[in-house]
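Worksheet: one structure, shown below.
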Amino acid sequence: MAQNHMMLPWLGNLAQPKACLPQKMTAVLCHNRCFVGYRFFHNVGGGANASIYCMLRTLERIKEAEGKLPEVFYYQVDGGSENSNLATLGYCEFIVAQRLVDKIVITRLLVGHTHCDIDAFFGVIWKKIRDATILTPHQYEEAIKEALASVGIPIIVEDVFVVPDFQAYINPHLLDITQAFKQQYTKLQWIFEYVGYCEACSDRTSPLCKACAEFPNGVKVNKPCHRHICK
1 MAQNHMMLPW
11 LGNLAQPKAC
21 LPQKMTAVLC
31 HNRCFVGYRF
41 FHNVGGGANA
51 SIYCMLRTLE
61 RIKEAEGKLP
71 EVFYYQVDGG
81 SENSNLATLG
91 YCEFIVAQRL
101 VDKIVITRLL
111 VGHTHCDIDA
121 FFGVIWKKIR
131 DATILTPHQY
141 EEAIKEALAS
151 VGIPIIVEDV
161 FVVPDFQAYI
171 NPHLLDITQA
181 FKQQYTKLQW
191 IFEYVGYCEA
201 CSDRTSPLCK
211 ACAEFPNGVK
221 VNKPCHRHIC
231 K
């Protein structure tokens, strides 16, 4: 959601005061499950760490609510650098390698294309708060929930005050494929699918055979030229 629409205090159509509390919100729509707005304040920067947190926390929510994760996780993101980066891909491969899910399909939209469903949610929120007077974070949260009360799924706002440094953890284990997001066509789809190992290699105590060495983490990546993301 546009950050300039989330300044506090929000005084409707009046000029904003010089001293404001900035908010940012990353929205995740889990179709037929819930809408989660992850709200960050000035003490948490954006970028890949925040984006990865939202992805992992959403999976955790699904596990808590349903007792298990879906076999296939479909993840659609825009082309911003907070989403289109090797750390995000590395965590997708890591999730599959750990057998949390069997398959992840991550799709990056074309430049100029939007998340029509998410943007519709933001439009409804903006219509609600545009002319309102909102002084506190709690009032803003209530306005979001009131605006989306009729959508038929739970509306959750989670305030995030700290995120782990996911990049520092995963980056040393990533291959150097930094050109992956600098191609002529920016609509990219990566599919991570668990293929495992043959019986001889399953204990991982000896060097992998030629076939298993092609996918050393037991995860097949469908993107041409890239068999795996993590070393």
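The UniProt record's numbering puts the sequence shown at residues 1 to 231. Don't be surprised by glycine CBs; every beta carbon is placed ideally from N, CA and C.
Which same chain residues, not among the five before or five after residue i, have their C-beta less than 6 Å away from its C-beta?
i, result
"residue 269", "Examination of residue 269 is not possible in this model, given that the chain is present from 1 through 231 alone."
"residue 185", "Reliability of the predicted coordinates at residue 185 is poor, the pLDDT of 47 falling under 50, and the value obtained from them is presented with this limitation in mind. Correct list: empty, nothing qualifies."
"residue 155", "35, 145 and 148"
"residue 6", "23"
"residue 125", "144 and 147"
"residue 188", "108"
Skipping 5 residues on each side, what residues in its chain have a beta carbon closer than 8 Å to that of residue i?
i, result
"residue 211", "198"
"residue 202", "196"
DSSP puts residue i in a beta bridge; with which residues?
i, result
"residue 37", "27 and 157"
"residue 107", "76 and 189"
"residue 220", "193"
"residue 134", "10"
"residue 208", "Residue 208 is not bridged to any residue."
"residue 21", "8"
Which one of the options has the shortest CA to CA distance from residue i?
i, options, result
"residue 196", "214, 188, 189 and 190", "214"
"residue 172", "133, 137, 91 and 63", "91"
"residue 119", "134, 104, 95 and 148", "148"
"residue 123", "27, 11, 19 and 69", "27"
"residue 60", "109, 100 and 93", "100"
"residue 75", "108, 154 and 12", "108"
"residue 130", "12, 81 and 2", "12"
"residue 222", "140, 141 and 106", "106"
"residue 161", "39, 9 and 1", "39"
"residue 81", "58, 46 and 16", "46"
What do you get for residue i, buried or exposed, if any count of 16 or more other CB atoms within 10 angstroms of its CB means buried?
i, result
"residue 21", "exposed"
"residue 51", "buried"
"residue 110", "exposed"
"residue 37", "buried"
"residue 218", "buried"
"residue 66", "exposed"
"residue 121", "buried"
"residue 93", "buried"
"residue 170", "buried"
"residue 153", "exposed"
"residue 84", "buried"
"residue 136", "exposed"
Near residue i, what residues of its chain come up, given a Cβ to Cβ distance below 7 Å and the 5 sequence neighbours on each side ignored?
i, result
"residue 95", "101 and 104"
"residue 167", "48, 49 and 87"
"residue 163", "44, 49, 50 and 53"
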